[in-house]
Amino acid sequence: MKQTQAVWRQLHHTRNLSDRYIANALAPVNELIERFIYRLHHESDDMFRVSHGTNFDKINRIKDHEIIKQADKLPSYYRRSGNKLKAIDELDDKYKKLITKGYPDISENGLGPLENGFKTFHDLAATELPAGTKLARVIDPKSADNSTCWMRIEEFEKLTSRAEWREKYAVLTEWNGNGEYVTYTVPEGKTLKVWEGKAASQDIDKTDYYIPGGAVQIFLDPRQLERSYVSGRKPTNWGYGEINYQDDGITYLGVPDLTQNIGNWYK
């Protein structure tokens with residue numbers, strides 16, 4: 260009996276030591292888990308100060324002159340001096356002839372978003388994109404997946420920020436709030452006729468500021484795109500809207516459910 264009790268005490272002692280050593284060994288792991296839970300909790304609170312997937316329906320694209328009037332610090336892409344890239348004043352007859360050969364009608368007679376598309380260019384060339392060419396389009400939750408303004412995927416991948424995109428492509432905030440992008444791949448066995456050239460500088464109404472432009476943009480007829488070759492929406496990771504600016508109390512924080520935005524299609 261005494262021998263049995265001694266064995267039991269030894270086993271009990273060994274178990275206690277094991278519990279202690281295992282707890283000590285697992286302590287760093289437990290701490291990491293606790294820190295992760297804490298961070299996840301607080302970041303999710305910050306991320307969803309606007310209602311998930313709903314307030315983005317209420318986004319109002321801010322006019323640039325309102326930002327200039329109200330912002331504490333102006334974005335770097337607003338300029339008052341420097342070399343402006345003048346927009347094409349009038350579409351030359353040689354381009355109008357190309358329109359009759361299947362290139363998008365960017366003249367004053369163009370339909371919908373195509374109308375006067377030439378005025379967004381500093382220079383212009385007709386380009387027939389071969390099969391496999393991949394394009395990218397920066398969008399916001401209100402944008403159509405397949406509208407007119409695109410760029411080659413290689414140019415998109417060079418961009419590092421919202422400010423760089425706006426500056427190089429002369430994108431007014433009232434046109435596009437950014438935050439997401441889609442890609443399009445020209446289908447096998449087909450080509451796509453587009454206009455390609457440097458983006459002209461864009462003057463900002465009611466101010467003496469402008470956005471420079473100068474990057475090579477692509478302007479296409481969205482009705483010529485095949486829906487199955489447009490990707491789902493992905494985050495640019497540049498955020499939504501503009502930094503330090505509120506419009507009607509909406510701060511553009513949070514992440515909408517991108518799957519709910521797929522299918523915003525111009526016809």
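Using the numbering used here, the letters of the sequence shown correspond one by one to residues 260 to 526. We put the CB at the ideal spot given by N, CA and C, even for glycine.
Asked                                                                                                                                                   : Found
Are G438 and D404 touching if we call contact CB-CB under 8 Å?                                                                                          : no
On the premise that L344 lies in contact with H381, defined as a C-beta separation below 8 Å, what is that separation, rounded to the nearest angstrom? : 4 Å
Checking the sheet assignment: what are the DSSP bridge partners for V441?                                                                              : R396
From the DSSP output, in three-state form, read off I470 for me.                                                                                        : strand
If you measure between the beta carbons of V453 and R396, is that distance less than 8 Å?                                                               : no
Per the DSSP calculation, A384 is bridged to which residue(s)?                                                                                          : E455
Straight-line CA distance for G436 to I321?                                                                                                             : 8 Å
Considering only the alpha carbon of each residue, which of I470, L350 and K356 lies closest to N375?                                                   : L350
Residues in its own chain within less than 7 Å of T313 by CB, not counting five upstream and five downstream?                                           : Note that T313 scores 39 on pLDDT, short of 50, meaning its location in the model is unreliable; the coordinates nonetheless yield the value given after this. None.
In the DSSP assignment, what residue or residues form a beta bridge with F478?                                                                          : C408 and W454
Check R338 in the structure and name its three-state DSSP category.                                                                                     : strand
Look up P363 in the DSSP assignment and say whether it is helix, strand or coil.                                                                        : coil
Going by C-alpha distance, which of G369, K360, R421 and K393 is nearest P494?                                                                          : R421
Counting C-beta neighbours from all protein chains within 10 Å, is the total for D331 16 or more, i.e. buried, or is it exposed?                        : exposed
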